[in-house]
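Residue numbers (my numbering): 17 to 359.
Beta carbons: idealized from backbone N, C-alpha and C, even for Gly.
Following: one structure in structure tokens, then a few remarks.
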Amino acid sequence: MLFKVKVDNSSEKNTTLQLDEKKIKEITFKKLKLVEANLEEFLEGNIHLLTMEEEYDLMIVGKQVINNQHKRTDLVALDSDGNIVIIEIKRDIQDMKGRIDNFESQAIRYASSFTKTHTVEGLVDKVYKSYLFNKGSLTLEEAKEKGIENIKQFLNKNGVEEINNDQRIILVASSFDENVLSASAWLNIKGVDISCFEITPYEIENDTKSEYMLNIKRVLPLETEDAFLSDINNIGYKKEKEKTSNKKHAKLADMIEKKIVHIGDTIYHVKDEKETTAKIVDGTRVEFKGELMTLNQWATLLVEGKKANAYVYAFVKEKHKTLHELRKEYNSILAVGKYDPIE
């Protein structure tokens with residue numbers, strides 16, 4: 017439950033916290049007369065909101081894409097690891113129940129239609145060219161050229177050379193029923209990269225007119241999905257998780273655990289050591305100018321509030337390499353199973 021409060025620090029001796037009587041209550045998109053298309057359009061223009069606390073960025077490359085079964089994919093994106101991302105949106109639980117196909121199976125089918133797309137040109141021809149053309153200012157030929165240019169810039173910025181070695185699925189709704197979460201947790205264990213994000217609207221009642229806010233929260237994957245595995249035998253869960261974990265890029269916590277980097281190591285922006293120096297505090301946070309923040313928040317500060325890939329920008333002083341270079345090295349070592357931190 018959310019409460020609106022006032023902080024009164026007008027007195028030099030005492031700061032007080034007071035409850036604001038204006039009510040904040042959870043509502044539905046249906047009550048706001050918003051349909052899936054409204055939520056889709058909102059995310060298309062603000063896709064960074066889904067990844068503010070994630071270690072990847074997203075670039076939209078398609079919208080309402082028709083697949084081989086003549087079904088429409090809500091949004092198609094490219095992530096900063098070069099993988100294609102299918103984003104499926106349902107407004108409320110009732111929208112999920114009203115569909116013939118279940119939410120997660122629908123998304124998997126859409127993702128499978130991209131498994132053979134492994135070139136920038138192929139992705140542009142398949143979806144991005146039409147997406148840019150439908151914006152209305154480019155011819156198809158111009159859209160293709162612009163699409164190739166945009167994607168190559170995005171990949172180069174993130175230090176990625178290959179495209180679509182894997183696919184990622186993101187499900188978005190104001191809330192999820194138990195069946196969707198249970199199935200998604202099981203798919204995660206089996207190596208399918210699927211995330212569930214809740215975008216819940218709230219109303220703040222004012223005297224003149226209401227104001228609204230959105231709470232965006234990732235509910236899956238968590239550190240452990242045990243709580244969501246209803247009616248699923250999760251014997252061997254840990255073993256399955258370990259078998260599939262190496263398919264994704266290593267995170268800062270993994271790199272600390274394997275002694276690739278250490279707590280207390282110094283990082284700074286590759287182009288500005290003096291003003292950007294921070295210390296690694298734990299697997300997700302750094303200390304910058306006396307303030308604790310996530311690695312992503314630190315990187316965002318350095319590019320004027322825009323979402324940034326911290327791994328590309330963060331140079332580790334003790335290792336003389338960026339986090340991106342280190343984790344690329346780390347992943348290749350893990351792939352052949354020869355990593356020894358003492359060597």
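Where residue i sits in the DSSP three-state scheme
i	result
SER211	strand
HIS285	strand
LYS38	coil
ARG107	coil
PHE58	helix
LYS79	strand
LYS344	helix
PHE304	strand
LEU94	strand
LEU317	helix
GLU219	strand
LEU50	coil
ILE205	helix
ILE63	helix
THR32	strand
LYS335	coil
ASP356	Unreliable placement is indicated for ASP356, whose pLDDT of 46 sits below 50; the coordinate value is still reported in the next sentence. Correct three-state label for ASP356: coil.
From the options, residue whose alpha carbon lies closest to that of residue i
i	options	result
ALA123	ILE63, LEU35, LEU203 and ASP95	LEU203
MET75	GLY306, LYS173 and VAL208	LYS173
GLY280	ASP288, LYS287, GLU273 and ASP298	ASP298
ALA53	GLN34, VAL188 and GLU291	VAL188
ILE102	HIS64, ASP108 and GLU120	GLU120
LEU171	TYR72, LYS20 and GLY61	TYR72
THR441	LYS38, LYS22 and LYS39	There is simply no residue 441 to check, as the chain begins at 17 and stops at 359 in what is shown.
LEU12	ALA201, HIS278 and LYS333	No information on residue 12 is available, as it lies outside the stretch 17 to 359 that the chain covers here.
SER96	SER146, VAL328, GLU307 and GLN110	VAL328
ASN325	VAL286, ILE205, GLU345 and VAL235	VAL286
VAL196	ASP223, ARG184 and PHE213	PHE213
GLN110	THR310, SER191, LEU33 and SER146	SER191
HIS336	THR316, VAL277, ASP90 and LYS305	VAL277
VAL235	GLU56, LEU66, LYS41 and GLY61	LEU66
ASP108	LYS225, VAL51, TRP314 and VAL77	VAL51
LYS233	ILE40, MET68 and ASP24	MET68
Between the CA atoms of residue j and residue i - distance to the nearest angstrom
i	j	result
GLU70	ASN312	8 angstroms
LYS263	GLY207	With a pLDDT of 46 at LYS263, under the threshold of 50, the modelled position of this residue cannot be trusted, and the question is left open.
LEU5	GLU28	The requested residue 5 does not occur in the structure, where the chain is confined to residues 17 to 359.
ASP288	ARG301	20 angstroms
THR131	ILE179	11 angstroms
ILE167	ILE100	12 angstroms
LEU156	VAL81	16 angstroms
GLU1	ILE283	Residue 1 is absent from the model: the chain starts at 17 and stops at 359.
LYS257	ASP209	Only weak support exists for where LYS257 lies, its pLDDT of 46 falling under 50; the value from the coordinates is given anyway. Cα to Cα, LYS257 sits roughly 12 angstroms from ASP209.
GLY161	TYR144	Note on residue identity: the sequence assigns Glu, not Gly, to residue 161. Between GLU161 and TYR144, the C-alpha separation is close to 10 angstroms.
ILE105	ILE185	11 angstroms
GLY138	LYS38	53 angstroms
TYR228	GLU345	45 angstroms
HIS340	GLU307	24 angstroms
LYS225	GLN34	22 angstroms
ASN231	THR44	12 angstroms
PHE19	ASN222	14 angstroms
ILE251	SER211	Low confidence applies here, because ILE251 scores a pLDDT of 40, under 50, leaving its location unreliable; read the following figure in that light. In a straight line, the C-alpha of ILE251 is about 22 angstroms away from that of SER211.
VAL332	THR89	40 angstroms
Limits of the beta strand (DSSP E) - the one that residue i falls within
i	result
GLU228	The identity of residue 228 in the sequence shown is Tyr, whereas the question assumes Glu. Unbroken beta strand (DSSP E) run through TYR228: 227-236.
MET309	307-310
ASP24	21-24
ILE296	294-296
Extent of the continuous alpha helix (DSSP H) to which residue i belongs
i	result
GLU273	268-273
VAL328	326-329
Closer than 8 angstroms: residue i CB and nearest the ligand NAD heavy atom
i	result
ASN325	Absence of the ligand NAD from the depicted structure is noted, as is the absence of any ligand whatsoever, leaving it without description.
Short CB-CB distance (under 9 angstroms) between residue i and chain B
i	result
ALA53	Looking at the structure shown, chain B is missing, and only one protein chain is on hand.
Could you tell me which uninterrupted alpha helix (DSSP H) segments, each at least 4 residues in length, are contained entirely in the stretch 122-201, listed from first to last along the chain?
136-139, 145-149 and 156-173
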